[in-house]
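To start, the structure itself, in structure tokens.
There are 2 protein chains.
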Amino acid sequence: MAIAKTTEFTQQEQDLAAFAKVLSHPARIAIMKVLANEHACICGRIVEILPLAQATVSQHLKELKNAGLIKGTVDGPKSCYCINWEAMEKFMHDFNGMFSALQLQKGKSCC
Amino acid sequence: MAIAKTTEFTQQEQDLAAFAKVLSHPARIAIMKVLANEHACICGRIVEILPLAQATVSQHLKELKNAGLIKGTVDGPKSCYCINWEAMEKFMHDFNGMFSALQLQKGKSCC
DNA sequence: AATATTCATCGTATTTGTACGATGAGTCAA
DNA sequence: TTGACTCATCGTACAAATACGATGAATATT
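Top to bottom, those sequences are chains P and X. Residue numbers for the first sequence, in this note's numbering: 29 to 139. Residue numbers for the second sequence, in this note's numbering: 29 to 139.
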């Protein structure tokens with residue numbers, strides 16, 4: 029991505045973009061669905077469901093965790109992942125807030 | 029990105045991911061803001077505001093247009109871009125719908 | 001203790017994304 | 001027509017993302 033100009037933008041723009049980026053891959057959306065639907069959010073269970081190798085799923089889980097969308101706890105030799113609802117709700121709130129702010133200017137457009 | 033396994037997921041998952049991907053860069057979020065706030069949505073105006081070269085802005089505009097988030101019309105030697113509100117509203121509706129679907133399972137989690 | 005399991009991480013190959021200079025097509029003014 | 005202007009596209013360089021096999025750490029089972 030060449031010299032990342034990413035830092036030249038607003039903190040809000042960077043945060044929203046980061047949130048969108050985490051959900052910009054179908055595998056990660058699918059993982060969120062699995063985490064919501066399964067009682068035991070074990071990594072191995074996700075690997076069973078998704079058409080991806082264990083290493084790849086683990087990598088996606090790491091990104092979701094780094095972004096704060098999910099929480100992970102060790103459960104013996106297994107790892108249990110769950111949706112971080114407070115974070116998700118805040119992210120969605122901010123995302124919707126940006127859209128609402130855009131909409132306030134709706135009549136302004138020239139075309 | 030290795031052999032894209034992207035096609036192995038649900039159409040809905042792919043659509044949501046594609047929408048998120050378009051907004052996964054701060055420049056494109058900033059562009060949406062400019063388009064909402066400026067009466068004349070001229071490419072040159074965006075180049076003035078953003079810390080990016082004209083070619084780069086044009087490329088981002090192309091992606092936003094391909095995804096359907098904005099519309100572009102030629103106005104003499106200039107190009108006028110506007111937000112596609114119907115599309116944006118549908119995308120946001122679907123995005124929120126996914127989140128609501130996740131939330132329905134909220135109590136299910138193990139941790 | 002020895003073995004099997006679950007999973008995170010490393011290393012690596014490949015694809016995609018980001019950025020910009022240069023070029024050219026199209027339009028307007030003189 | 002000439003010249004100035006706007007912008008899309010091409011080509012290119014580099015950074016980041018995606019995917020997986022292999023490895024090893026940690027735990028559980030025998």
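Glycine included, every Cβ here is placed at the ideal spot set by N, Cα and C.
Close to N65/P, with beta-carbon spacing below 8 Å, are these residues of chain X in chain order: Q133, K136. Taken in chain order, the complete beta strand (DSSP E) segments of 3 residues or longer contained in the segment 104 to 138 of chain X are 106 to 111. Scanning its chain for C-beta atoms nearer than 7 Å, with the 5 sequence neighbours on each side dropped, one finds around C110/X the residues L63, C69, I98, K99, in chain order. Within the same chain, Cβ atoms closer than 8 Å to the Cβ of H53/P are found at H88, the five residues on either side in sequence being excluded.
The C-beta of P105/X comes no closer than 8 Å to any C-beta of chain P. For A48/X, the uninterrupted alpha helix (DSSP H) run begins and ends at 39 to 50, by DSSP. If you check each beta-carbon in the segment 66 to 81 of chain P against every beta-carbon of chain X, the ones closer than 7 Å belong to H67, A68, C69, P79, L80.
For the C-beta of A115/P, not a single chain X residue is nearer than 9 Å; the gap to the nearest is close to 12 Å.
Chain P places no beta carbon closer than 8 Å to that of K93/X, leaving this residue out of the contacts. When the five nearest sequence neighbours on each side are left out, the beta carbons in the same chain lying within less than 8 Å of the beta carbon of L44/P are those of D122, F123, M126, in order along the chain.
Non-local C-beta neighbours of A55/P in its own chain, meaning closer than 7 Å and more than five positions away in sequence, comprise L78, L80, H88, ordered along the chain.
Of all alpha-carbon atoms in G96/X, G104/X, K61/X, Q39/X, the one lying nearest the alpha-carbon of N112/X is that of G96/X. Under the three-state reduction of DSSP, G96/X is assigned to coil, being neither helix nor strand. Between K106/X and G72/X, the C-beta spacing is below 8 Å. Setting aside the 5 residues that flank it on each side, E91/X is surrounded in the same chain by V50, R56, each with a C-beta closer than 8 Å to its C-beta; the list follows chain order. Nearest C-alpha to K118/X among F47/X, Q82/X, C108/X: F47/X.
DSSP places L80/P in no alpha helix (DSSP H); its state is neither H nor E.
When the Cα atoms are used, M120/X and T84/X turn out to be separated by approximately 26 Å.
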